[in-house]
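**Student:** Residue numbers (my numbering), protein chains in the order written: chain W, 95 to 206; chain P, 95 to 206.
Beta carbons: idealized from backbone N, C-alpha and C, even for Gly.
#1: Which bits of chain P does residue 176 (chain W) rub up against, with CB to CB less than 9 Å?
#2: Nearest-angstrom Cα distance between residue 168 (chain P) and residue 113 (chain P)?
#3: According to DSSP, residue 153 (chain P) sits in a beta bridge with which residue or residues?
#4: What is the DSSP secondary structure of residue 133 (chain W), reduced to helix, strand or coil?
#5: To the nearest angstrom, how far is the alpha carbon of residue 125 (chain W) from that of residue 125 (chain P)?
#6: Kindly indicate the opening and closing residues of the beta strand (DSSP E) around residue 183 (chain W).
#7: With a threshold of 8 Å between beta carbons, is residue 110 (chain W) in contact with chain P?
#8: Taking C-beta pairs closer than 8 Å, name the residues in chain C that residue 122 (chain P) reaches, listed in chain order.
#9: From the DSSP output, in three-state form, read off residue 115 (chain P) for me.
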């Protein structure tokens, strides 16, 4: 039904085009260790993950804020499956816009 | 003379071992666009540069603070030539500790 479809679309939050995102905004998102941890879990898992499945040392409302910042910085896409909000790392788009950035920031540190 | 030598050494500011620096500290240094600009000029020039030769949109005292943060984060070495404070990018050390980081953060953005 039309109403149900519109309602479904409205639950999907807006996502910026990656072309509108600058390195400054991406770095401001990723300088936060909790946000870098979220992106790191998505990067390492290679699959979409529900918000509730991340191991985060913050409250649920703070986590929601962090997901919002990551979405606004073009790093993740969010969508619903039933009542669960899923998160996708925009890996290929980020790699095209900022080559090597995810690997440099998210790979395990080199051993001394 | 011993006194002159000690005096000379005291003018050289302390530099941390790169092994003691974490990615978090490096990112906090480089998230600032003025500091990223300083490191970017050193990276692009491939040579040591005097503090006064950088094209920075901040006061001299603010610039001195930014150089201090970069030195403390293990990104630059500083030394004196006469009364000029010179800056060296610790390029090889950073590359060994954080592979690909400088290239990812300092290369010109990819064209869309």
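**Tutor:** To lay it out plainly:
#1: Listed along chain P is no residue with a C-beta nearer than 9 Å to that of residue 176 (chain W); the closest approach is about 35 Å.
#2: The straight-line gap from Cα to Cα measures roughly 9 Å.
#3: Under the DSSP definition of a beta bridge, residue 153 (chain P) lacks any partner.
#4: The three-state secondary structure of residue 133 (chain W), taken from DSSP, is helix.
#5: Take the alpha-carbon of residue 125 (chain W) and the one of residue 125 (chain P): they are about 7 Å apart.
#6: Run containing residue 183 (chain W): 178-183, per the beta strand (DSSP E) assignment.
#7: It does not: the Cβ of residue 110 (chain W) has no partner Cβ on chain P nearer than 8 Å.
#8: The structure shown contains no chain C; its protein chains are W and P.
#9: If DSSP states are grouped into helix, strand and coil, residue 115 (chain P) belongs with coil.
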